[in-house]
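So for the sequence shown, full-length UniProt numbering puts the first residue at 1; every next one is plus one. In this text, a Cβ means the ideal position worked out from N, Cα and C, and glycines have one as well.
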Amino acid sequence: MKTASGGLARRKGTSMARLKNGKHRRKDGSWDPLKDSSTDRQTAQVIPRTPQSASSSYTLAYVDDEFLCREELRPVRLQLELLKTEMILTERNIKSTVVMFGGARIPAPGQEAWAAKNDIQKKNLENASIYYDQARRFAQLCSNQSKSSDYHEYVVVTGGGPGVMEAGNRGAADVGAPSIGLNIVLPHEQAPNPYVTPELSFNFHYFAIRKMHFLMRAKAITIFPGGFGTLDEFFEAVTLIQTKRMAPIPLILFSKAFWHDIINFEALANFGTIAPEDLQLLHFAETAEEAWQIIADFYDLNAEAAP
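Right, dumping it as C-alpha cells:
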C-alpha cells in the first residue's frame, strides 16, 4: 500500500534527478534519462581553472572549434552542414521549394550597378534591372500559392545574397511570406540580404552541401541572367535531370535572348554531345506570369487557386 510519505519521497527523488540530469524528455516526447549535452557544456564552462582544465585537450570535443576545424574532421563538418539546414526546414514543415538562381550583380531599378568595371558593364547591368523586377514579381506569385498550404509548399529559396537573390526574398516579404536564403562564405558579394526570413537564413562553407539543399525540395527551378555561379547552378541542375538522377521538374530560364546569346544549345545537339530531346528539358520565360504558368500547368494546379 502506497503511503503519503512514500509518494512524497518518490516525487522528491524525481525532482532531484531532474535537477541533476536536466530534461527527461526530448522535443519529440521520447523519454531520455541521460544527461543532455547542453547541460554538460554549461557545467564545463564554470569548473575551476587549473592547468589541466585549461588545456585544449580537456575541452569537450563538440564545443572545441579548433578540433572541429581539423582536416581529419571534414567528413563530420560535411554532415553537420547537411543536417543543420535539413533539421530546421523539417521542423518548419517545409515540404517543397521554388528555387531562384540569378546574378548577384544585377541592381534594383534606379540603383547604380555597384559591380560594373566599365561603362559597358554599367549600362548592361542597369538595363538588366528588369530581371530584378521580374524576379520580385515571380516570388510574389509563388508565395501567394504557398499561402494556400500554410507556407509548406512552393516556398521561395534563393542564395540569400544581393541582386536577383534579393529580389526573390523581397518578393516573398512583399506578400508576408517566409523565404529561405542559402548563403555561402565568400570574400565579396555574399552577405544575407535583409528580406530573408531570419530563422531560414543559412550559411555554408561547402558549395556541394549548399547545392544539395537547393535541390532536395525543389519543385521548380528558375534561372535568371547571371555569371559563373549562376551557370554552375544551372548546369548542375540540368545535368541531374538529364541523367535522371533527379525527377523532371520545370527548369525555367528567364530571357531567351540572353541565354541563346551566351549558350548555343542547338549547336550542342547538332554536334551530338547532347540528345536533341534534351532541349525539351528547358523552358523559357520573359515574365513572372509566364514562368508561373509553366509551373501551374506542370503540376495541374487549380486555375482558380493559382495566382
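Residue interval of the alpha helix (DSSP H) (run including Ser143): Ser129 to Lys147
For Val156, the first and last residue of its enclosing beta strand (DSSP E): Val155 to Thr158 is the span of the beta strand (DSSP E), which, as asked, contains Val156.
Beta-carbon gap between Ile184 and Phe214 smaller than 8 Å: Taking 8 Å as the Cβ cut-off, Ile184 and Phe214 do not qualify as a contacting pair.
Three-state secondary structure (DSSP) of Ser37: In the three-state scheme derived from DSSP, where H, G and I count as helix and E and B as strand, Ser37 is classed as helix.
Buried versus exposed, by CB contacts within 10 Å (16 or more), Arg105: buried
Supposed close pair Val175, Asn144 - CB separation, criterion 8 Å: 6 Å
Cα-Cα separation, Pro198 to Ala116: Their Cα atoms are separated by approximately 30 Å.
Buried versus exposed, by CB contacts within 10 Å (16 or more), Arg70: exposed
Close-in-space but distant-in-sequence residues of the same chain around Arg41 (CB under 7 Å, 5 per side omitted): These residues qualify, in order along the chain: Leu60 and Val63.
Same chain, Cβ closer than 8 Å to Leu279, neighbours up to 5 away in sequence not counted: Phe265, Glu266 and Ala269
Close beta carbons around Glu66, own chain, < 7 Å, minus the five adjacent residues each side: Ser56
DSSP bridge partner residues for Ala201 (one or two, in chain order): One detail in the question is off: residue 201 reads as Ser in this sequence, not Ala. For Ser201, which the question treats as bridged, DSSP gives the partners Gly181.
Coil, strand or helix - Val188 by DSSP: Strictly speaking, residue 188 in this sequence is His, with Val absent from that position. Reduced to three states, the DSSP call for His188 is coil.
Leu301, DSSP secondary structure in three states: coil
Three-state secondary structure assigned by DSSP to Ile241: helix
Where Arg25 falls, given that 16 or more other Cβ within 10 Å makes a residue buried: exposed
Three-state secondary structure assigned by DSSP to Ile88: helix
Status (buried if at least 16 other CB within 10 Å, exposed otherwise) for Phe235: With fewer than 16 other Cβ atoms within 10 Å, it is exposed.
Chain-order list of residues whose beta-carbon lies under 7 Å from that of Phe258 (same chain, five-residue window excluded): Pro225
At least three beta-carbon pairs within less than 8 Å, the stretch 165 to 173 to the stretch 132 to 151: yes
Ile221 - containing beta strand (DSSP E), residue span: Ala218 to Ile223
In chain order, each beta strand (DSSP E) run of at least 3 residues that lies wholly inside the stretch 259 to 303: 283 to 285
Length of the line joining the Cα atoms of Asp232 and Gln140: For Asp232 and Gln140, the distance between alpha carbons rounds to 26 Å.
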